[in-house]
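Position one of the sequence shown corresponds to residue 56 (my numbering), numbered consecutively onward.
Backbone N, C-alpha and C fix where the C-beta goes; we use that ideal spot for every residue, glycine too.
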Amino acid sequence: MTALPTSPPSPDNAPPKNDGKAMQLALSLFSELGAHGAGADHLPVQVGFHKNNLFINIVDMSLSARRAIDVLYFITAQDPEYKSGYRIDLNIFKWLMGYTSNNRKHLQSILREAQKAAVQIESSGPEASTDEPWASIPMLGPVAIANGKIFFEIHHRLQAEIKSPAASHFLSLRYVFKSIHAKILFDRLQLFIAQGTTGWISLDELRGWWGFKADEYAEFKKMRQRVIEKAVSQINEVTGLHVSYDTKNVPGSKRVGNIRFQIEKTAQFDAPQASMIALKAQYEVLRNEFGLNGAQLDEIISHRDEWDDDRLQKAIEYTRYQIAQGKVKRSVAGYFMKAVREAYALGTAQLQIDAIAASNDIAVSPNPLQQAVAAREQAIQAEVDQLETLGHTGYEAYLAMEPAQRAEVLREFIRSLPARTLAVQLHIEPAMLATLVGDNTDVQTQLGAFVAMRTVRTTRRRRVAIP
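As structure tokens, this is what we get:
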């Protein structure tokens with residue numbers, strides 16, 4: 056199947072580029088229809104994706120349903136294998152979603168709403184022919200809640216997009232917005248972060264982004280005050296992006312007809328998926344290390360406007376320090392919650408005092424805690440040494456492979472958890488790791504270790520298979 060042709064529009068009137076990932080999804084859907092005589096090569100040519108009149112709508116989703124979809128898609132993306140079904144701990148789901156209610160029926164209604172939403176591909180022309188292609192895929196398949204877990208299914212075509220190492224999925228994965236207008240705008244603006252601008256967008260198209268009716272917010276002044284300004288302000292506050300906009304009048308008129316958004320990354324910005332990974336790691340610390348219960352986690356979620364990541368991290372460091380000093384006698388979870396509520400933080404002066412005390416060897420006898428820390432550090436160093444050895448051996452094996460085999464192994468590696476973790480550390484998308492294999496020693500080490508462990512697993516399976 057050949058790709059649809061494209062041609063650049065004039066710079067001044069350029070419509071915003073459409074989501075390439077959504078386009079891939081459209082083509083993959085219509086490749087299936089092609090077997091029935093509706094190939095993409097013969098799709099009508101007008102507007103939309105530059106030279107064709109197809110566009111993708113994600114319809115019928117409230118803010119809560121979009122948040123739920125974000126979390127479920129994140130869990131799907133983290134698993135490199137394609138599965139008929141997935142599951143997530145209910146408490147983790149609520150934490151990642153920022154959901155505090157214990158009303159089970161309300162949560163059920165949100166998931167049911169998400170099931171009704173669909174990725175829809177249709178003709179954008181007002182006089183579309185009855186035989187033009189149309190397709191719709193539910194964004195969420197069967198879903199169930201049982202034994203403290205959520206079980207769910209995602210259509211295989213959507214899984215291909217969600218898991219693709221070359222593209223993250225087309226919804227935001229981390230940021231919790233109070234306004235659905237802010238979330239929808241952010242989902243759209245994500246596509247233009249690299250370019251830094253959207254190009255000129257007609258107000259009719261902008262209204263379409265938010266699902267407004269043709270006569271809704273017909274006056275730009277009201278839409279700017281009630282929707283645009285609030286959405287832009289919340290994006291700037293929540294995401295680490297700085298968004299601004301300018302407008303252009305209809306020729307020969309004082310009426311605003313077009314808008315253009317400028318997007319600039321601040322020092323606090325990171326990829327949404329990377330932030331979701333960090334949020335999940337934070338949950339693991341609070342739940343597994345400190346033993347917070349559901350009510351305590353709900354309290355944190357309900358105060359997230361005030362108790363941001365920095366405040367939580369300071370409380371984590373403070374609690375760990377007090378544990379090391381032997382000052383936490385009873386509930387670690389209760390101690391941590393007090394530290395969060397009171398905004399306790401570990402002062403740098405205290406760390407300096409501890410460092411001086413250690414250097415002067417004040418302790419008369421070996422400190423059991425220090426011995427345990429030293430043993431742990433030695434164990435970590437041993438793991439690092441083992442990883443480097445595995446990485447060196449595996450990378451040499453990788454270089455000795457045929458090109459086709461190397462490409463296959465590299466694709467598998469990019470989808471693996473170690474690769475995703477390394478991508479977060481390097482502040483890049485996982486797919487970009489492929490471009491660093493020849494130059495970056497960390498990438499070579501992780502890839503080599505992946506190849507070595509892959510070889511070990513294959514050898515074990517062969518041994519088991521021998522009668």
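Counting Cβ pairs, one atom from each stretch, are 3 or more of them under 8 Å apart for the region 476 to 485 and the region 443 to 459? no
Are the Cβ atoms of Asp125 and Lys204 separated by less than 7 Å? Residue numbering aside, residue 125 sits at position 70 when the sequence shown is read from its first letter. Residue numbering aside, residue 204 sits at position 149 when the sequence shown is read from its first letter. Against a cut-off of 7 Å, the Cβ pair of Lys204 and Asp125 comes out as no contact.
Less than 7 Å between the beta carbons of Ile318 and Ile256, yes or no? Taking the sequence shown and counting its residues from 1, the one referred to as residue 318 is at position 263. Taking the sequence shown and counting its residues from 1, the one referred to as residue 256 is at position 201. The answer is no: Cβ separation not under 7 Å.
Does Gly493 pass the burial test, meaning 16 or more other C-beta atoms within 10 Å, or should it be called exposed? Residue 493 sits at position 438 when you count from the first residue of the sequence shown. Its Cβ having fewer than 16 others within 10 Å, Gly493 is exposed.
Does DSSP put Ser471 in a helix, a strand or coil? Position 416 of the sequence shown, counted from the start, is the residue given in the question as residue 471. Note: Ser471 maps to coil in three-state DSSP.
Can you confirm whether the region 496 to 512 touches the region 161 to 173 when touching is taken to mean that 3 or more C-beta pairs between the two stretches lie within less than 8 Å? no
How is Glu292 classed by DSSP in three states: helix, strand or coil? The residue labelled residue 292 in the question sits at position 237 within the sequence shown. DSSP places Glu292 in helix when its eight states are reduced to three.
Tell me whether Leu127 is buried or exposed, calling it buried when 16 or more other Cβ atoms sit within 10 Å of its Cβ. Along the sequence shown, read from residue 1 onward, the residue named residue 127 stands at position 72. Buried, since its Cβ has 16 or more Cβ neighbours within 10 Å.
For Ser119, count the other beta carbons within 10 Å of its own beta carbon; 16 or more makes it buried, fewer makes it exposed. Which is it? The count along the sequence shown starts at 1 and reaches residue 119 at position 64. Ser119 comes out buried.
Could you pull the start and end residues of the beta strand (DSSP E) that Val311 belongs to? In the sequence shown, the residue the question calls residue 311 occupies position 256. Val311 to Lys320 is the extent of the beta strand (DSSP E) around Val311.
So the candidates are Gly402, Thr374, His236 and Ile283; which of them puts its Cα closest to the Cα of Gly266? Reading the sequence shown from its first residue, position 211 is the one you call residue 266. Out of Gly402, Thr374, His236 and Ile283, His236 has the C-alpha closest to the C-alpha of Gly266.
Tell me which residue opens and which closes the alpha helix (DSSP H) that Val387 is part of. The count along the sequence shown starts at 1 and reaches residue 387 at position 332. For Val387, the enclosing alpha helix (DSSP H) has its first and last residue at Val387 to Arg396.
Since Phe207 is in the beta strand (DSSP E), which residue starts that stretch and which ends it? One-based indexing of the sequence shown puts residue 207 at position 152. Phe207 -> beta strand (DSSP E) spans Lys204 to Phe207.
Nearest to Trp150 by CA position, among Leu334, Glu274 and Arg281, is which residue? Looking up residue 150 in the sequence shown gives position 95. Measuring from the Cα of Trp150, the nearest candidate turns out to be Leu334.
By DSSP, does Lys303 sit in helix, in strand, or in coil? Looking up residue 303 in the sequence shown gives position 248. Strand.
Which word fits Gln214, buried or exposed, when buried means at least 16 other C-beta atoms lie within 10 angstroms of its C-beta? On the sequence shown, residue 214 is found 159 positions in, with the first residue counted as 1. Counting Cβ neighbours within 10 Å, Gln214 comes out buried, since at least 16 surround it.
Inter-residue CB distance, Leu244 and Val282 (contact presumed, cutoff 8 Å): One-based indexing of the sequence shown puts residue 244 at position 189. One-based indexing of the sequence shown puts residue 282 at position 227. Actually they do not touch by this definition, with Cβ atoms about 14 Å apart.
Host beta strand (DSSP E) of Asp125 (start-end): Translated into positions along the sequence shown, residue 125 becomes position 70. Careful: Asp125 lies outside any beta strand (DSSP E), inside the alpha helix (DSSP H) at Leu118 to Gln133.
Looking at C-alpha atoms only, which residue of Val174, Leu296, Ala190 and Ala486 is the closest neighbour of Ala462? Numbered from its first residue, the sequence shown carries residue 462 at position 407. The residue with the shortest Cα to Cα distance from Ala462 is Ala486.
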